[in-house]
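First the structure, in the form of structure tokens, and then the observations on it.
Protein chains: 4
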Amino acid sequence: MAMHGKNFLMVPGPTNVPDRVLRAMHRNSEDHRSPDFPALAKTVLENMKVVFGTTTGRSFIFPASGTGAWEAALTNTLNKGDKVISVRFGQFSHLWIDMMQRLGLDVTVFDVEWGEGLPIDMLSNCIAKDTRHEYQAICIVHNETTTGVTTDIAAVRHILDRYNHPALLMVDGVSSIASIPFKMDEWKVDLAITGSQKGFMLPAGLGMVCASPRALERSKKNNLPRVFFSFEDMIVNNDVGYFPYTPSIPLLYGLKESLAMLMEEGLENVYARHRRLATGVRKAVEAWGLKICCKNPKEYSDTVTAVVVPEGFDAQQVIRIAYEKYNLSLGAGLMKVRGRVFRIGHLGDLNELMVLATLAGTEMAMSEVGIPIKLGSGVAAASEYYMKTSKQVRGLLNNGK
Amino acid sequence: MAMHGKNFLMVPGPTNVPDRVLRAMHRNSEDHRSPDFPALAKTVLENMKVVFGTTTGRSFIFPASGTGAWEAALTNTLNKGDKVISVRFGQFSHLWIDMMQRLGLDVTVFDVEWGEGLPIDMLSNCIAKDTRHEYQAICIVHNETTTGVTTDIAAVRHILDRYNHPALLMVDGVSSIASIPFKMDEWKVDLAITGSQKGFMLPAGLGMVCASPRALERSKKNNLPRVFFSFEDMIVNNDVGYFPYTPSIPLLYGLKESLAMLMEEGLENVYARHRRLATGVRKAVEAWGLKICCKNPKEYSDTVTAVVVPEGFDAQQVIRIAYEKYNLSLGAGLMKVRGRVFRIGHLGDLNELMVLATLAGTEMAMSEVGIPIKLGSGVAAASEYYMKTSKQVRGLLNNGK
Amino acid sequence: MAMHGKNFLMVPGPTNVPDRVLRAMHRNSEDHRSPDFPALAKTVLENMKVVFGTTTGRSFIFPASGTGAWEAALTNTLNKGDKVISVRFGQFSHLWIDMMQRLGLDVTVFDVEWGEGLPIDMLSNCIAKDTRHEYQAICIVHNETTTGVTTDIAAVRHILDRYNHPALLMVDGVSSIASIPFKMDEWKVDLAITGSQKGFMLPAGLGMVCASPRALERSKKNNLPRVFFSFEDMIVNNDVGYFPYTPSIPLLYGLKESLAMLMEEGLENVYARHRRLATGVRKAVEAWGLKICCKNPKEYSDTVTAVVVPEGFDAQQVIRIAYEKYNLSLGAGLMKVRGRVFRIGHLGDLNELMVLATLAGTEMAMSEVGIPIKLGSGVAAASEYYMKTSKQVRGLLNNGK
Amino acid sequence: MAMHGKNFLMVPGPTNVPDRVLRAMHRNSEDHRSPDFPALAKTVLENMKVVFGTTTGRSFIFPASGTGAWEAALTNTLNKGDKVISVRFGQFSHLWIDMMQRLGLDVTVFDVEWGEGLPIDMLSNCIAKDTRHEYQAICIVHNETTTGVTTDIAAVRHILDRYNHPALLMVDGVSSIASIPFKMDEWKVDLAITGSQKGFMLPAGLGMVCASPRALERSKKNNLPRVFFSFEDMIVNNDVGYFPYTPSIPLLYGLKESLAMLMEEGLENVYARHRRLATGVRKAVEAWGLKICCKNPKEYSDTVTAVVVPEGFDAQQVIRIAYEKYNLSLGAGLMKVRGRVFRIGHLGDLNELMVLATLAGTEMAMSEVGIPIKLGSGVAAASEYYMKTSKQVRGLLNNGK
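Those protein sequence lines, which keep their order, are chains U, F, Y and R.
Okay, so the first sequence: first residue is 1 according to the UniProt record's numbering, each after it adds one.
Okay, so the second sequence: first residue is 1 according to the UniProt record's numbering, each after it adds one.
Okay, so the third sequence: first residue is 1 according to the UniProt record's numbering, each after it adds one.
Okay, so the fourth sequence: first residue is 1 according to the UniProt record's numbering, each after it adds one.
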């Protein structure tokens with residue numbers, strides 16, 4: 001039986017596609033070799049750099065997912081057997097590490113308990129000891145979507161700089177870029193990676209990478225095999241405004257529109273909005289008397305919150321009831337935390353009422369499962385915070401739109 | 001500055017257009033004189049009768065609004081100077097009466113306090129006394145959108161039948177048909193009127209009327225002028241599957257789709273859903289300690305609730321804050337109740353979380369204005385009711401969609 | 001069985017809705033009483049005046065069809081029994097006259113053979129003789145869609161001016177405005193009427209009228225009944241940026257977009273494009289050795305061409321084959337010219353290849369019926385003309401879009 | 001300056017996306033881990049096999065382009081240094097061979113003049129001599145989009161069978177599958193490859209592969225590196241109805257719809273339609289007195305025709321004029337045939353008039369460049385053929401749609 005009303009899509013990606021972006025994508029195909037095409041290609045390739053926080057880097061758009069962008073970053077800049085460092089603190093860092101290993105890289109993995117973040121001392125020690133600069137790259141997930149834990153990338157850069165270590169800094173920004181501050185140039189990130197279906201508010205289908213000049217230099221000499229994900233093929237074509245493969249015309253127009261939306265709002269406002277909505281969610285969890293998977297408040301993610309259900313309860317049941325009864329899509333606990341957490345994605349094109357509806361739906365689902373929370377308590381806590389911090393966003397009387 | 005996320009459109013019409021209907025409407029124009037067109041025209045004209053509850057009546061679709069449908073009903077069946085009875089209990093009944101008067105009808109108006117419903121005894125007396133059958137029609141608004149008060153149309157029919165009175169029974173079902181039970185044949189309604197932008201979940205643009213055989217008979221002899229709204233012109237064209245004027249192709253496809261949705265859900269389920277969502281809203285108002293404009297619980301509307309703000313507060317301020325800060329569109333108090341009430345529309349393609357978001361937004365807006373309500377209290381009351389009455393609407397495991 | 005590829009919609013309305021306009025219309029409903037709404041309403045009401053060629057007039061948008069706009073023009077400005085002059089030279093002028101008569105006007109009808117235009121001498125004589133100014137209005141169809149005959153409105157104005165006659169000049173511009181030159185102020189038209197589904201490239205659903213100050217003045221005193229089509233109700237609401245009835249949100253956004261497209265192209269370019277495409281069609285008809293219904297080349301319509309089939313052939317067969325075999329929608333011959341002509345609509349969002357495809361499809365359909373035309377002959381004649389008059393419309397190399 | 005009317009997209013891919021498919025794709029994202037998702041995934045994975053002509057194979061959908069699908073086919077089934085055979089007869093076979101070489105395969109390339117097809121004797125000799133079965137695969141492009149030359153895959157299979165050779169048969173069906181007959185099981189193709197943007201009438205974004213049981217068996221043991229394009233990861237997820245990476249929700253719904261359209265029309269009818277439209281194009285080229293790039297009529301492609309311009313003319317000029325003046329997108333000559341040919345794509349959602357418009361536009365563009373063709377001649381030749389072979393595709397009178 002069909003559901004009525006809107007689906008509340010509150011998984012941490014894919015995120016809600018704004019109507020404005022859906023409209024921009026509703027168009028017939030176009031000749032991607034036409035004299036008009038380069039204007040579109042160049043606009044999106046240039047504007048996405050602003051969102052990545054780079055003026056010196058080069059942007060790439062692969063017709064792939066974020067997983068493909070991972071592969072592009074690794075295969076274009078590393079050699080078989082290269083030593084790299086990575087941290088495993090959730091499913092996505094795990095999968096990236098798995099890819100590194102399957103591609104023949106020699107990965108030093110820092111495993112931490114899921115809910116914890118970057119073990120900064122271990123990393124620092126490791127770099128300090130590597131005086132022969134055997135490590136070619138440090139590969140870090142900026143925001144681990146599994147646990148809602150963020151990484152202080154500036155701190156990683158600080159370590160590398162302190163020891164004058166030349167390792168490439170690769171950052172998975174899939175669930176961070178365009179939602180929380182990402183400063184590619186400031187942090188001297190060499191390879192920044194994301195996909196279209198999170199902060200960029202698009203369907204999946206674009207694997208996006210920005211590469212620093214240093215990374216591009218490395219790509220000329222390394223030997224990991226790549227064809228589809230080759231930077232070189234992209235560069236040759238992008239330089240004249242085209243792509244080596246048939247691109248998705250709707251997604252490029254959609255990206256143009258979502259970039260315009262991000263610019264119109266202003267990145268700082270985008271980040272502030274995410275922080276504010278996330279804070280409301282965390283106040284609700286506190287009001288429920290529950291715990292957040294992320295242990296260190298300094299590492300709280302502003303794009304996803306993993307809520308730990310009390311012992312004896314199954315988070316999967318909460319998710320199923322939310323979906324089947326209330327048309328609310330929550331994120332599941334993955335791998336090690338399956339059944340122990342459910343996740344509320346609060347990134348992309350959201351507002352207060354979408355979040356409050358989510359909290360209300362979550363309350364009903366938890367209640368039905370028997371988790372002892374007071375109906376309305378989370379909504380009240382978040383509402384209070386939103387009310388106190390609210391701003392008039394529409395003008396009075398003479399406002400346009 | 002642009003708002004983020006979805007607008008919560010909770011005015012009592014126009015209602016939210018389901019994505020499925022928006023998709024159905026996204027199409028180029030078509031030749032409305034083609035051999036293919038009649039299949040579309042006949043489908044919608046036939047299926048809309050099911051929603052009106054008639055097998056004996058004839059359906060009309062005018063390229064107009066509900067106001068136009070009022071005019072069609074009156075001008076096709078009455079003569080200049082005809083005596084008609086009507087009840088004024090809100091802006092919409094007021095406007096219809098105004099139309100009757102401007103068209104030269106002699107209207108006996110029963111005025112009641114706004115918030116009250118049909119004065120059944122007055123009507124009964126009036127009919128009882130009219131032994132010469134001077135009244136040609138009784139024109140009643142089924143659901144007064146201004147106040148959230150419904151009318152017991154069966155009771156009106158009962159009075160006419162008791163006194164064997166031949167007056168036409170005209171019913172404005174603009175904010176009732178396709179949302180709450182409407183039984184044209186059972187109630188022997190002669191002219192049932194609605195528009196596309198409420199229970200039919202479409203944009204405005206279709207003025208819909210069903211006429212009983214008796215009404216059609218009258219239309220052959222009456223003398224009020226009409227051309228655009230002529231039943232006769234429509235009948236001649238509809239009989240062969242066409243319309244006398246260029247119809248809106250998107251709206252006809254949209255109507256086909258919304259009728260399909262109503263049939264798939266089942267009208268009784270549609271009505272039950274509206275009742276359940278409305279009950280939650282009323283429980284919230286009670287939890288807030290506020291009053292509903294409609295005085296008699298038996299007359300509570302399941303499509304709109306007008307909430308009375310306490311003395312000293314301005315409902316317009318609540319509405320403005322809800323809109324400007326929370327992207328929530330509430331209905332204003334109209335005419336006599338302007339500033340005294342705000343209205344929550346709960347009709348059309350809605351679900352629990354859309355209503356709960358609305359209640360949460362309303363709470364924040366009321367709080368900011370200073371109305372002493374407890375944040376979360378209304379949401380909690382409605383949530384509790386929804387949770388207790390919830391059903392699994394999606395199948396487990398092997399469900400399709 | 002479904003047809004493949006695009007339908008070639010070449011009836012003289014509804015016209016093709018540009019993808020850009022379809023996108024603009026794909027949106028959920030909005031609160032038409034919100035503080036944001038007036039910006040939209042005022043934009044479209046103001047910009048449509050540019051297309052009508054008026055700065056002094058007032059624009060009205062009724063949620064109706066062009067037929068409704070006819071009724072609005074008549075009922076707001078005339079009194080029962082008023083004498084008016086009209087010319088019947090096709091189905092649409094016929095239907096408008098029929099409406100006048102049904103509304104109780106006293107119509108002096110000039111009947112001419114279909115294919116002929118305004119009998120300017122008869123009109124001149126009639127006005128010359130009416131020294132007591134008994135005629136209250138002259139109601140003329142600018143472009144008779146049935147026959148493809150246009151009227152020289154400036155000449156009508158000239159007659160009125162010569163005799164200093166105060167009759168209102170009402171012009172049906174349904175198939176002319178936004179496609180061929182229309183100069184409301186220059187020609188001192190008092191009521192200019194159109195619908196959304198022709199030159200405005202929208203679905204049907206908006207009845208559009210511009211009224212001169214003189215017409216507005218008359219509307220204050222006349223007595224034909226109108227409520228739905230009342231100028232007064234519109235004015236009161238429009239003045240504050242709203243409409244008296246729920247408007248079609250998609251159509252208003254669509255109109256905003258189509259107005260933007262007309263402005264971007266420039267009205268003079270729009271007119272030139274229509275003229276050029278129409279000339280190509282006429283060259284094709286000549287190459288086929290067939291006749292055009294319009295007798296006087298000075299009156300050739302640039303929006304529709306009615307092609308006369310030779311004696312012994314049925315134009316309806318041509319139309320049916322074109323539709324059923326080639327997905328081409330041609331316009332039928334109406335009333336007196338049914339079976340004798342088929343019509344090619346060449347107005348709205350069209351280009352050379354859409355017209356040439358139409359000519360090719362028409363050639364195949366005519367051939368199959370047995371009409372002795374040479375396949376490719378019409379296409380060749382039109383192609384030659386288009387080639388000679390072609391311009392580069394896209395920039396070279398560095399063009400954007 | 002913007003172009004008016006429809007763009008005629010007649011490149012050999014991306015092809016026109018039917019409105020029905022565009023509508024199906026216009027939707028918000030959905031949780032790709034929901035209990036509802038598998039129904040969608042399984043439907044498209046199963047139905048695409050019908051179009052590939054396989055019941056025994058396994059279907060894969062990668063979030064990539066056809067180039068990615070090439071890489072998936074090669075990396076999943078071959079080992080580094082494996083000997084493979086391929087034929088280079090245009091840009092796409094060239095690029096695939098380039099990929100093979102970059103992936104470390106040892107490619108025996110049969111180079112033929114562009115315009116010629118598979119050198120069947122050379123292949124036969126080569127296979128006959130390879131008695132030690134050193135060749136692991138034969139990789140053939142079924143329809144070389146550069147030249148409009150098709151390959152007789154059944155003949156290739158015949159050779160392998162004759163010599164009982166176990167090489168895998170890999171076929172690039174990018175511009176053939178869903179447009180011209182493709183019989184995976186009958187021809188015992190081991191890896192059939194395509195993308196979404198050609199016969200499937202979708203935007204680019206899906207790399208589609210079907211693998212035979214034998215190919216799947218090989219994939220378990222081979223050693224070419226692949227992660228993103230891993231069959232194994234796909235199988236594990238597909239088996240439970242999901243994908244390893246976030247899929248494009250719009251493209252999956254679009255594919256569901258385009259598959260439904262192909263089934264409704266019937267594959268044999270789809271093929272016949274392509275053949276008929278292609279034949280018309282070839283008749284036009286003949287009427288122009290020009291040559292087709294494909295030398296052997298038995299190898300004429302029914303999806304694309306490369307037209308050779310006479311000596312001394314530049315095909316690029318024809319293409320530019322067609323695009324800039326007539327909104328017609330033709331395909332350029334690629335690499336060796338750049339400037340010497342232009343290409344007309346006639347695959348996907350097309351009908352007679354779209355092709356005839358293309359021919360008319362091409363005639364004007366060629367004429368302007370000075371190529372001595374007679375305007376209308378190609379259109380006439382194609383029209384005559386279409387007329388003689390036309391069928392009534394819509395029902396008479398009582399047809400629905």
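Every residue gets a Cβ at the ideal spot worked out from N, C-alpha and C, and that includes glycine.
Can the beta-carbon of U/Glu363 be found less than 7 Å from the beta-carbon of U/Gly378? If you check the CB distance, U/Glu363 and U/Gly378 come in under 7 Å.
Using a Cβ-Cβ distance under 7 Å, would F/Arg23 count as near chain R? Yes, its Cβ sits closer than 7 Å to a Cβ of chain R.
Kindly give me the distance between the Cβ atoms of U/Tyr326 and F/Glu352, rounded to whole angstroms, as I take these residues to be in contact under 8 Å. By a beta-carbon distance limit of 8 Å, U/Tyr326 contacts F/Glu352. Their separation comes to about 6 Å.
What separation, rounded to the nearest whole angstrom, lies between the Cα atoms of Y/Lys401 and U/Leu40? A caution first: Y/Lys401 carries a pLDDT of 35, below 50, which makes its placement in the model too unreliable to give a value.
C-beta atoms of U/Asn47 and U/Asp349 nearer than 7 Å: U/Asp349 is positioned such that its CB atom lies no closer than 7 Å to that of U/Asn47.
Report the partner residues of R/Glu116 according to the DSSP bridge assignment. According to DSSP, R/Glu116 bridges with R/Trp114.
Of the choices F/Pro372, F/Met354 and F/Met366, whose alpha-carbon is the least far from that of F/Ala382? When the alpha-carbon of F/Ala382 is set against those of F/Pro372, F/Met354 and F/Met366, the nearest one is in F/Met354.
Quick check on this structure: which residue in F/Glu384, F/Ala365 and F/Met366 has the alpha carbon closest to the alpha carbon of U/Lys374? Considering only alpha carbons, the answer is F/Glu384.
Compare the C-beta of U/Ser65 against all C-beta atoms of chain F and say whether one is closer than 7 Å. Cβ-Cβ to chain F under 7 Å: no for U/Ser65.
For Y/Asn398, which residues in the same chain have their Cβ closer than 8 Å to its Cβ, ignoring the five residues on either side in sequence? Confidence at Y/Asn398 is low in this model, with a pLDDT of 35, below 50, so the placement of that residue should be treated as unreliable; the coordinate-derived value is given next. Answer for Y/Asn398: no residue qualifies.
Contact check, R/Trp70 vs R/Ile193, beta carbons under 7 Å: Cβ atoms of R/Trp70 and R/Ile193: closer than 7 Å.
Contact under 7 Å by Cβ, U/Leu251 with U/Gly205: If you check the CB distance, U/Leu251 and U/Gly205 come in under 7 Å.
Straight-line gap, U/Arg20 to F/Asn7 (C-alpha atoms, nearest Å): C-alpha of U/Arg20 to C-alpha of F/Asn7: approximately 13 Å in a straight line.
Looking only at its chain, what residues have a beta carbon closer than 8 Å to the beta carbon of F/Ser86, apart from the 5 residues adjacent to it on each side? For F/Ser86, where only same-chain residues beyond five positions count, the Cβ hits under 8 Å are Ser93, Trp96, Ile97, Met100, Val107, Thr108, Val109, Phe110, Ile138, Cys139 and Ile140.
Excluding the 5 residues flanking R/Ala365 on each side, which residues of the same chain have their C-beta closer than 6 Å to its C-beta? Val318, Ile321 and Ala322.
Going by CA-CA distance only, name the one from R/Val11, R/Thr389 and R/Thr77 that's closest to R/Leu224. Distances from the CA of R/Leu224 to each of R/Val11, R/Thr389 and R/Thr77 were compared; the closest alpha carbon is that of R/Thr77.
Beta-carbon spacing of F/Thr54, F/Met234 below 7 Å: Contact flag unset, no.
Could you give the first and the last residue of the continuous beta strand (DSSP E) run that contains Y/Leu216? Not the beta strand (DSSP E): Y/Leu216 falls in the alpha helix (DSSP H), residues Pro213 to Ser219.
DSSP three-state assignment for F/Leu224, whether helix, strand or coil: Collapsing the DSSP output to three states places F/Leu224 in coil.
Check Y/Gln317 in the structure and name its three-state DSSP category. Of the three classes helix, strand and coil, the one that applies to Y/Gln317 here is helix, per DSSP.
Run the CB neighbour count on F/Val281, radius 10 Å, all protein chains shown included, and call it buried at 16 or more, exposed below. Burial call: buried.
Going by CA-CA distance only, name the one from F/Glu30, F/Met25, F/His346 and F/Asp121 that's closest to F/Arg273. The shortest CA-to-CA distance from F/Arg273 to any of F/Glu30, F/Met25, F/His346 and F/Asp121 is the one to F/His346.
Local conformation of U/Leu334 per DSSP, three classes: Coil.
So what does DSSP say about U/Tyr135, is it helix, strand or coil? Three-state result, U/Tyr135: strand.
Go to U/Ala365, then tell me how far its alpha helix (DSSP H) extends in each direction, as first and last residue. In this chain, the alpha helix (DSSP H) harbouring U/Ala365 covers Glu352 to Val369.
According to DSSP, what are the bridge partners of R/Asp172? Under DSSP, R/Asp172 takes part in a beta bridge, and its partners are R/Val141 and R/Ile193.
Along the stretch 265 to 279 of chain F, what residues have a CB closer than 8 Å to any CB found in chain U? Those would be Glu265 and Arg273, in chain order.
Considering Cα atoms alone, identify which of R/Ser59, R/Glu30 and R/Pro18 is closest to R/Asp239. When each option's Cα is compared against that of R/Asp239, the closest is R/Ser59.
Same chain, Cβ closer than 7 Å to Y/Thr358, five either side skipped, listed in chain order: So the list reads Phe8, Met10, Leu328 and Ile344, once near-sequence residues are dropped.
Which two residues bound the contiguous beta strand (DSSP E) that contains U/Gly280? Segment Leu267 to Trp288 is the alpha helix (DSSP H) holding U/Gly280; no beta strand (DSSP E) there.
Just the C-alpha distance for R/His4 and F/Gly13, rounded to the nearest angstrom, thanks. Computed Cα separation, rounded: 36 Å.
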